[in-house]
Amino acid sequence: SAVISQKPSRDICQRGTSLTIQCQVDSQVTMMFWYRQQPGQSLTLIATANQGSEATYESGFVIDKFPISRPNLTFSTLTVSNMSPEDSSIYLCSGRQGTAFFGQGTRLTVV
Amino acid sequence: DQQVKQNSPSLSVQEGRISILNCDYTNSMFDYFLWYKKYPAEGPTFLISISSIKDKNEDGRFTVFLNKSAKHLSLHIVPSQPGDSAVYFCAASEGSGGSNYKLTFGKGTLLTVNP
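The structure is reproduced here in structure tokens:
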């Protein structure tokens, strides 16, 4: 099955700054997704990253806060903008080949 | 509103015994269900799935049972091994393909298998 390399694996950031998370897949995938897992919570879908067009965001998530790029079928980025401590979470990218597969996650702490 | 619920945050079993992890869902449109396993500092990895047209799917030591009328599924691991110790997530979607393929996850159950 395909493998996603996600980076950074963790980061500690100051409030008000932005962090861009990158995901590289070792093969082309049609669908890529971004999830967030807040402490003690389930994985929540942020958006579907569409190649060549704007991402499709789930209720409660907006492009200004979580801009997403998908320049080709193997790469995507998620930016967490103007961060606050409430953005401290694990962020996961996912691709789909049959079933969904995941990157190793980015543990973000905002101080 | 939690559409997929895993009511047991943790479960501890002895090596060689059966582990049973439970999951309930509320959305009657869900018709495809998956279990993922997650080790610390790693992403979730796919374990086993089941379509709503079936009530059982088996893969080696892992069996998933689906009770549609009760909106309940369970994952059985027999025999349990210490390497099975991980967080197990139940997930559901409306369909196994197409644009409706969005996974809704439960909060996970931490399984500890004691030697």
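Top line first, the protein sequences correspond to chains A and B. Going by our numbering, the residue at position 21 of the first sequence is 28; the numbering climbs one at a time, nothing skipped. Going by our numbering, the residue at position 43 of the second sequence is 51; the numbering climbs one at a time, nothing skipped. Every residue gets a Cβ at the ideal spot worked out from N, C-alpha and C, and that includes glycine. Quantities reported herein were computed from a predicted structural model and do not represent experimental measurements.
B/D67 is classed as exposed because its beta carbon has fewer than 16 other beta carbons within 10 Å across all chains shown.
In the structure shown, A/P78 falls within a strand segment according to DSSP collapsed to helix, strand and coil. Contact of B/S60 with chain A is not assigned, every C-beta pair being separated by 9 Å or more. Interface with chain B (9 Å Cβ-Cβ cutoff): A/G23 is excluded. Excluding its 5 nearest sequence neighbours in each direction, A/F82 has C-beta neighbours in its own chain below 6 Å: Q31, listed in chain order. In terms of CA proximity to A/Q111, B/P52 leads the group B/D9, B/P52, B/S36, B/G103.
Of all residues in the region 40–59 of chain A, the ones placed with a Cβ closer than 9 Å to any Cβ belonging to chain B are F40, Y42, Q44, G47, Q48, S49, L50, T51, L52, T55, in chain order. In this structure, the straight-line span from the alpha carbon of A/N57 to that of B/Q10 is close to 26 Å. In this structure, B/L42 lies away from B/I61, with their beta-carbon atoms at least 9 Å apart. Excluding its 5 nearest sequence neighbours in each direction, B/K46 has C-beta neighbours in its own chain below 8 Å: P52, T53, A94, V95, Y96, F97, G116, listed in chain order.
For the 9 Å CB-CB criterion, B/Y40 and A/R103 do not form a contact.
No Cβ of chain B is located within less than 9 Å of the beta carbon of A/I70. A straight line joining the alpha-carbon of A/S34 with that of A/L80 spans about 8 Å. Shown in chain order are the members of the region 45–71 of chain B whose Cβ falls below 9 Å from a Cβ of chain A: K46, A49, E50, G51, P52, T53, F54, S57.
Nearest neighbour of B/A49 by Cα position, chosen from A/S66, A/E65, A/P15, A/S76, turns out to be A/P15. CA-CA distance, A/S8 to A/S96, rounds to 27 Å. If you look at B/N122, you'll find it in the beta strand (DSSP E) that goes 117–122.
Residue pairing by DSSP places A/T113 opposite A/Y98 in a beta bridge.
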